[in-house]
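Participant: Order-wise, the sequence lines are chains A and B.
For the first sequence, this note's numbering gives the first residue as 888, with consecutive numbering after it.
For the second sequence, this note's numbering gives the first residue as 888, with consecutive numbering after it.
2 protein chains.
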Amino acid sequence: MPRTAVLALGGNALIREGQSGTYAEQTENAQRMAETVRWLHANDWNLVLIHGNGPQVGNLALQQEEASARVPPQPLFSLGAMTQGQIGSLLTLALRRIGKDDIPDVVSVITHVTVAADDPAFADPTKPIGPFFDRDEAERLARERGWHVAEDAGRGYRRVVPSPRPRDIVEARAIKALIDQGIVVVAAGGGGIPVVEDADRYVGVDAVIDKDYAAQQLATALRADALVLVTSVDRVLLDFGRPGQRPVTELTVDEAERHLDDGQFPEGSMGPKVRAAVRFVRHGGHVAVITSPHLVAASLEDTPRPGVETGTRIVAAPERVGVSR
Amino acid sequence: MPRTAVLALGGNALIREGQSGTYAEQTENAQRMAETVRWLHANDWNLVLIHGNGPQVGNLALQQEEASARVPPQPLFSLGAMTQGQIGSLLTLALRRIGKDDIPDVVSVITHVTVAADDPAFADPTKPIGPFFDRDEAERLARERGWHVAEDAGRGYRRVVPSPRPRDIVEARAIKALIDQGIVVVAAGGGGIPVVEDADRYVGVDAVIDKDYAAQQLATALRADALVLVTSVDRVLLDFGRPGQRPVTELTVDEAERHLDDGQFPEGSMGPKVRAAVRFVRHGGHVAVITSPHLVAASLEDTPRPGVETGTRIVAAPERVGVSR
C-alpha cells in the first residue's frame, strides 16, 4: 500500500538568487528535484508537488504593466493561474521520461484554494508583489486600480496584497483520483489560485496564499502520511544566531509549539513552516519534514540509518532517541 | 454507462471580435458554454473541453516583447502553457458551482502533445502569432532570436511558426482517470503544448498545433463516443457562396471525404474541422459534430426530435433519412 507525501518546493527552487529566470535556467534547476522524486516513487510513495511562483508572477506583473496601454492587464489571481501553467509544464517535462516504467507519470493540475471573504488579512494587505514604482506612479496606480501600495525596504513602492489563510483545496477530489493511479501530481502552485465563495460560485481574489500553509491543507485533505517543506537549509535551528545555536533532527508537536511561543522561528522564514508542520501532525499526519532537497529521501525513511544525515522531523510523540531537542 | 464526448471550443469563444480580452469579458463569454456542459453532464455524458488560445497567447507575446529589456522572454510553448493555466482557471470558475450535486466537478490539466521532429511543417512555418512589427524590427528579431517572420495581409510583419500534426497526448492516462470519476476535464488548451521526443525526454518546441486535430487525437485516445467541434456557424455548408448553397445535417465519412477532395471546405476554416471529424469516425468514433454552441446538446441526441434543429453530424453510415446531402 503506497503512502502519500506532499512536497512543497521553495520559491527559489527554479529561479535562484542572481538569476533572471530564463527557461533554460529554470529547467536546469528543476532537474535537481527529479532524482528525489524518482527515489520516492521507487520507494512506494505517491507524491504531490507544490511549487512557489514569486519570481515568475513578479515577471508577469512587470510585463503587463509595460504593455498596459495595448493589452488589458489581467487580475493578479489570473497571473497566478498563468504561472501554474508555466511552471507546471516545466516541472512535468523535467520529471517525465519516455518509455521508462520505473519513472512515474506526472500531471499538473490547475488548483484553486478557498479563503474566507472576512479573513482579517483583507483589512491589512502586507505581501509585496510585482515591480517597483516611484511614489507618483504608485499613487496613480493606487487611485486607478484600487491597489494598496507600500514602500518596500527603501527600494521604491510596490503593490501589497493580503495573505489570507487557505481553507479548502477546490480540486482535492481530482488530485486524489490521480495519485490513486500512482501519478505524480503538480498542484496548488504558488499556494493556489485564491477564490472566495460568492453565493454558489467561486470568484477569484487578488491575494497570495502562503505555499506552506496551502501544502498543509492539501496534505490534510488527502490524508497524506507526510508533509515535506523543502527549503534551503538542512534542518531547523534553535537559538539561531545566539550562543548555543543547534540544529534539531526531531521535534514533537508539543516541543515545536513551545518553541513557536518562545519566538524561536521568525515569521518571515521558519515560522510558517513550523506552524504548517505542527498543524499537519495535529490533524493526523504521521510526519512533517523540514529540510533541503538532498536530505528529503533520507528524512522520510522510517528507520534512520546510522551515520546518515536527515532533516528535521516533526512528529506526534518522540520516535528517535539521542537527538538534540 | 456514461458516454464520453470531447468538445473543442473555437478560439473566439472567450475573446470575441472587437473585444480586447478583459477578465470580465472572458468570464461572461465562458458562461455561454456552462449551460451546454451542465445539460450534457445531466444526460450522462463524460466531458473533455479543449479551448483555443490565439488571442490570449498573442497578448502574452506582445507583453513580453514590450518588457524584453527587463524580463527574459519565455519560449512560445511556455506562453502556451501559461494560457492553459489562465483559461483553464477561468473555465473552471465559470463551470463550477458550490454544493450542487447535479453540477459536475471540473478540473483543468496542463497538457502536452507530441509532434514529429521531422514533421514537414517544421520546414515551412506558416502560422502567424503575436504582435505586428515593422520590417526592420522583424528582421532584427529574426536575426537575434532565429525567428521566421513573414508579411501578414499587408498589416506588417509577424513571427510565423510551424503547425505540425499532433501525435500522442502525453497526459491521456491522467485525463482518462479523471473522466472515469465523472469529472469534467479542461485539457489540451490551444491544441496542447507541443513537444518532441529527444532520447528519453520530452522537449518543448515553438509551434502551434491545430486545436481541432488535437481534439481528434485526444478523443481517439480516450475512445470517446463523440467529438464535437464547436464553431460560429450552425452547420457545414455545401457549395458555400455559390448558387445551391445548402446546410447539411448529416454526412457519412465517405461523403465528407468526397467533398474534401472536391475542395468544398477551405483550409482556413471548415477544412481542418471536417478532416478531424472524418479521422475520428474512421478510428472508431461513433459521431463527430460540427455546430454552434446552442445546437450542441440537440446534435448529440441519439434520436432527433421532430422539428428540433441540429448541427452537422458526421457518421460512418447513413443514420437519418430525409436530410440534405
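Where is the CB? At the ideal position from N, CA and C, for every residue including glycine.
Measuring alpha carbon to alpha carbon, tell me which of B:Glu1142, B:Leu947, B:Gly967 and B:Ala1003 ends up nearest Gly975 of chain A.
Facilitator: B:Gly967
Participant: With DSSP as the reference, label Asp1099 of chain B as helix, strand or coil.
Facilitator: For Asp1099 of chain B, the three-state secondary structure derived from DSSP is helix.
Participant: Starting from the beta carbon of Gln918 of chain B, find every residue of chain A whose beta carbon is closer than 9 Å, and list them in chain order.
Facilitator: Here the premise fails: no neighbours, minimum Cβ distance about 10 Å.
Participant: Going along the chain, which unbroken runs of the beta strand (DSSP E) with 3 or more residues stay wholly within the stretch 1041-1120 of chain B?
Facilitator: 1044-1048, 1071-1073, 1080-1085, 1088-1091 and 1113-1117
Participant: For Lys987 of chain B, does the count of other Cβ atoms within 10 angstroms reach 16, so buried, or fall short, so exposed?
Facilitator: exposed
Participant: Give, in chain order, every residue of the stretch 1050-1065 of chain A whose Cβ lies closer than 8 Å to some Cβ of chain D.
Facilitator: The structure shown contains no chain D; its protein chains are A and B.
Participant: To the nearest angstrom, report how far apart Thr909 of chain A and Val1095 of chain B are at their CA atoms.
Facilitator: 21 Å
Participant: If you follow the alpha helix (DSSP H) that Ile1201 of chain B is part of, which residue opens it and which one closes it?
Facilitator: Not the alpha helix (DSSP H): Ile1201 of chain B falls in the beta strand (DSSP E), residues Thr1199 to Val1202.
Participant: Exposed or buried, which one is His1181 of chain B when buried takes at least 16 other CB atoms within 10 Å?
Facilitator: exposed
Participant: Given a threshold of 16 other Cβ atoms within 10 Å of its Cβ, counted over all protein chains shown, does Gly1186 of chain B qualify as buried or as exposed?
Facilitator: Rather than Gly, the amino acid found at residue 1186 of chain B in this sequence is Ser. Burial call: buried.
Participant: Look at the Cβ atom of Gly897 of chain B, then the Cβ atom of Thr1178 of chain B, and state whether they are nearer than 7 Å.
Facilitator: Contact flag unset, no.
Participant: Across which residues does DSSP place Thr891 of chain A in a beta bridge pair?
Facilitator: Beta bridge pairing from DSSP links Thr891 of chain A with A:Asn933.
Participant: Considering only the beta carbon of each residue, do Gly1041 of chain A and Phe1019 of chain A sit closer than 7 Å?
Facilitator: no
Participant: Using three-state DSSP, classify His938 of chain B as helix, strand or coil.
Facilitator: strand
Participant: So if I threshold CB-CB distances at 7 Å, which residues from the stretch 933-960 of chain A count as touching chain B?
Facilitator: Asn946, Leu949, Gln950, Gln951, Glu953, Ala954, Arg957, Val958 and Pro959
Participant: Against chain B, with Cβ distances strictly below 7 Å, would Val994 of chain A count as a contact?
Facilitator: yes
Participant: Three-state secondary structure (DSSP) at Val958 of chain B?
Facilitator: Here Val958 of chain B sits in coil by DSSP.
Participant: Kindly indicate which three-state DSSP category Val1174 of chain B falls into: helix, strand or coil?
Facilitator: strand
Participant: Is there at least one Cβ from chain A nearer than 7 Å to Thr891 of chain B's Cβ?
Facilitator: No Cβ of chain A is located within less than 7 Å of the beta carbon of Thr891 of chain B.
Participant: Taking only heavy atoms of the ligand HEM into account, decide whether any of them is closer than 6 Å to the Cβ of Ala1111 of chain B.
Facilitator: Because no ligand of any kind appears in the structure shown, any question about the ligand HEM cannot be addressed here.
Participant: State yes or no: is the C-beta of Gln971 of chain A within less than 7 Å of the C-beta of Gly972 of chain B?
Facilitator: yes
Participant: Please confirm if the stretch 1120-1138 of chain A is in contact with the stretch 906-925 of chain A, defined as three or more CB-CB distances below 8 Å between the two stretches.
Facilitator: no
Participant: Tell me the DSSP secondary structure of Ile974 of chain B in three-state form.
Facilitator: helix
Participant: What do you get for Ser907 of chain B, buried or exposed, if any count of 16 or more other CB atoms within 10 angstroms of its CB means buried?
Facilitator: exposed
Participant: Near Arg1207 of chain B, what residues of its chain come up, given a Cβ to Cβ distance below 8 Å and the 5 sequence neighbours on each side ignored?
Facilitator: Thr1136, Glu1137, Pro1191 and Arg1200
Participant: Report yes or no: do the stretch 1020-1033 of chain A and the stretch 1095-1111 of chain A share at least 3 C-beta pairs separated by less than 8 Å?
Facilitator: With a cut-off of 8 Å, the stretch 1095-1111 of chain A and the stretch 1020-1033 of chain A do not count as touching, because too few Cβ pairs lie within range.
Participant: Residues of chain A with a CB under 8 Å from the CB of Arg1088 of chain B: which are they?
Facilitator: Leu980, Arg983, Arg984 and Ile985
Participant: Is Gly1079 of chain A close to chain B? Criterion is C-beta to C-beta, closer than 7 Å.
Facilitator: no
Participant: For Leu966 of chain A, which three-state DSSP category applies?
Facilitator: helix
Participant: Start and end of the beta strand (DSSP E) containing Arg1133 of chain A?
Facilitator: Arg1133 to Val1135
Participant: Could you list which residues in chain B have their beta carbon closer than 7 Å to that of Gln971 of chain A, in chain order?
Facilitator: Gly972
Participant: Strictly under 7 Å for the Cβ-Cβ distance: is Ile1177 of chain B near chain A by that measure?
Facilitator: no
Participant: Can you find at least 3 beta carbon pairs, one from the stretch 1056-1068 of chain A and one from the stretch 1004-1019 of chain A, that sit closer than 8 Å?
Facilitator: no
Participant: Can you name, in chain order, every residue of its own chain whose Cβ lies under 6 Å from the Cβ of Val1174 of chain A, other than the five neighbours on each side?
Facilitator: Ala1113, Arg1200 and Val1202
Participant: Taking its Cβ as the centre, do 16 or more other Cβ atoms sit within 10 Å of Gln918 of chain B, making it buried, or is it exposed?
Facilitator: Label assigned to Gln918 of chain B: exposed.
Participant: So, are the CB atoms of Asp1093 of chain B and Val1057 of chain B less than 7 Å apart?
Facilitator: No.
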